[in-house]
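Numbering (UniProt numbering), first residue to last: 1 to 378. For every residue, glycine included, the Cβ atom is placed at its ideal position computed from N, Cα and C. One structure is given below, encoded as structure tokens.
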Amino acid sequence: MPEVDAVPLARLTTLRTGGQPARLIEATTTDELVAAVREVWAEGGAWFVLGGGSNLFVGDEPFDGTVIRVRTTGIDELPGSRPDTVRLRVQAGHDWDAFVAETVARGYAGVEAMSGIPGTVGAAPVQNVGAYGQEVVQTLVEVELLDESTGEVSTVPAAELGLGFRTSVFKHHYGSVPERPAVILSATFELERVGDDARPIAGAQLRGALGLDADEAVSLRWIRDHVLATRARKGMVLDAEDPDTWSAGSFFQNAIVSESFARTLPEACPKWPMAPEIDPVTVIPLAAFDGILPPPPVERREVKVSAAWLIENAGLSRGFRFPRSRAGLSTKHTLALTNRGEATAAEIAQLARFVQQRVQAEFGLLLQPEPVLVNVEL
Numbered sequence: 001m002p003e004v005d006a007v008p009l010a011r012l013t014t015l016r017t018g019g020q021p022a023r024l025i026e027a028t029t030t031d032e033l034v035a036a037v038r039e040v041w042a043e044g045g046a047w048f049v050l051g052g053g054s055n056l057f058v059g060d061e062p063f064d065g066t067v068i069r070v071r072t073t074g075i076d077e078l079p080g081s082r083p084d085t086v087r088l089r090v091q092a093g094h095d096w097d098a099f100v101a102e103t104v105a106r107g108y109a110g111v112e113a114m115s116g117i118p119g120t121v122g123a124a125p126v127q128n129v130g131a132y133g134q135e136v137v138q139t140l141v142e143v144e145l146l147d148e149s150t151g152e153v154s155t156v157p158a159a160e161l162g163l164g165f166r167t168s169v170f171k172h173h174y175g176s177v178p179e180r181p182a183v184i185l186s187a188t189f190e191l192e193r194v195g196d197d198a199r200p201i202a203g204a205q206l207r208g209a210l211g212l213d214a215d216e217a218v219s220l221r222w223i224r225d226h227v228l229a230t231r232a233r234k235g236m237v238l239d240a241e242d243p244d245t246w247s248a249g250s251f252f253q254n255a256i257v258s259e260s261f262a263r264t265l266p267e268a269c270p271k272w273p274m275a276p277e278i279d280p281v282t283v284i285p286l287a288a289f290d291g292i293l294p295p296p297p298v299e300r301r302e303v304k305v306s307a308a309w310l311i312e313n314a315g316l317s318r319g320f321r322f323p324r325s326r327a328g329l330s331t332k333h334t335l336a337l338t339n340r341g342e343a344t345a346a347e348i349a350q351l352a353r354f355v356q357q358r359v360q361a362e363f364g365l366l367l368q369p370e371p372v373l374v375n376v377e378l
């Protein structure tokens, strides 16, 4: 068993909080990872798997359990489903941005807009990570996982993972448990072979973020460089010298609300329909037509609204913090709650609760945290 000396989780998480676990295991091979997880399951007790530590908010008290740190790496190239595609099977502990960089270097398109996202490949399907119009669900083919219900290793197609907006059957939502408890061992993506040549970009969201015209052609490398620069301006690229990046990324999810509730929010609040609006078509056999058309069906559509806009317009500006607190909103992006230097989890939780209360009081909407919370509550 690859057990190592336990260290405070504040040293292993990007938010820099967390007490010391009773036991720390580092698995560098798939066999080590499977064996470690099975042993922990057999023993019982508290445990969790740690990847890059970028989507975790861990409490100050010691964690009375086992932390399994996934350090597996490697990319295997496989044939794609078509001649112009390729599949890459990536080990769960592989750094996500290193994987993206490798796809760009090889001329494979499909994940380049997700450059700079921290964390590991195994964590990416858990919350269906995405940025600028690209999401894991668009390219993920399957995952290899260790299922807690059976203790067996199996390969599961992406269609069975419940991938939605920042969610999946694996996601530990605040106040709930995963639908399918499992540990991801590897993930396989199908990407398009495009090479190094410049080409027009199909996604309007990515074009808008990068200031591109509809017919403007750019290379994968150009996209990656400009996405990294854009994220860096928002403090969303890890930098050991920049406290604005000492965070768990976006701490609150963009809210998904009903279309009717979205209409109660100010017109200036950015809103994005979750599904295209399609005019219904009614077909009535001529012999059955009595001259009266039935009313169109009522559809309950959902709308995504900007959590950052809600926070700023609830009176909380970038850089906000309580007096003498070492936790604060990023000076670059209000969605990031940052550790300005040795902040405790209690200080960050206090700030998170205040943000929730202000937004709820102003707009009637309770923002939900995006990171997984361990040993801490809001």
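Contact between the region 39-55 and the region 99-115 is absent: fewer than three C-beta pairs spanning the two stretches fall below 8 angstroms. Listed as beta-bridge partners of aspartate 213 by DSSP are no residues whatsoever.
When the Cα atoms are used, glycine 130 and alanine 288 turn out to be separated by approximately 48 angstroms.
In this chain, isoleucine 348 is not harboured by any beta strand (DSSP E); it is covered by the alpha helix (DSSP H) spanning 345-363. Contact between threonine 13 and glycine 53 holds, with the beta-carbon distance rounding to 4 angstroms and staying under 8 angstroms. The C-alpha of leucine 163 is placed about 29 angstroms away from the C-alpha of glutamate 39. Per the Cβ contact rule, the region 89-103 is in contact with the region 112-129 (3 or more Cβ pairs under 8 angstroms). Taking 8 angstroms as the cut-off, the beta carbon of leucine 365 is found closer than this to the beta carbon of valine 257.
In this structure, glutamine 127 lies near asparagine 55, with their beta-carbon atoms less than 8 angstroms apart. Apart from the 5 residues on each side of it in sequence, proline 266 sits with its Cβ closer than 8 angstroms to the Cβ of Asn313 in its chain, given in chain order.
Looking only at Thr72, Gln357, Pro125, the smallest Cα-Cα distance to alanine 159 is reached by Pro125. Beta-bridge partners assigned by DSSP to leucine 191: Val86. Residue pairing from DSSP leaves glutamine 20 without any beta-bridge partner. Distance between leucine 335 and glycine 249, taken at the CA atoms: about 8 angstroms. In terms of Cβ geometry, leucine 329 and alanine 352 do not form a close pair [threshold 8 angstroms]. For the 8 angstroms CB-CB criterion, proline 369 and tyrosine 174 form a contact.
Runs of beta strand (DSSP E) with 3 or more residues, each lying fully within the region 4-74, are found at 21-27, 46-50, 56-58, 63-70, listed in chain order. When secondary structure is reduced to three states using DSSP, proline 243 falls in the helix class. Short of 8 angstroms from the beta carbon of serine 247, and not among the five residues preceding or following it, lie these beta carbons of its own chain, in chain order: Thr14, Leu15, Gly235, Ser330, Ala336, Leu337, Thr338, Asn339.
Assignment of beta-bridge partners to isoleucine 184 by DSSP yields Leu145.
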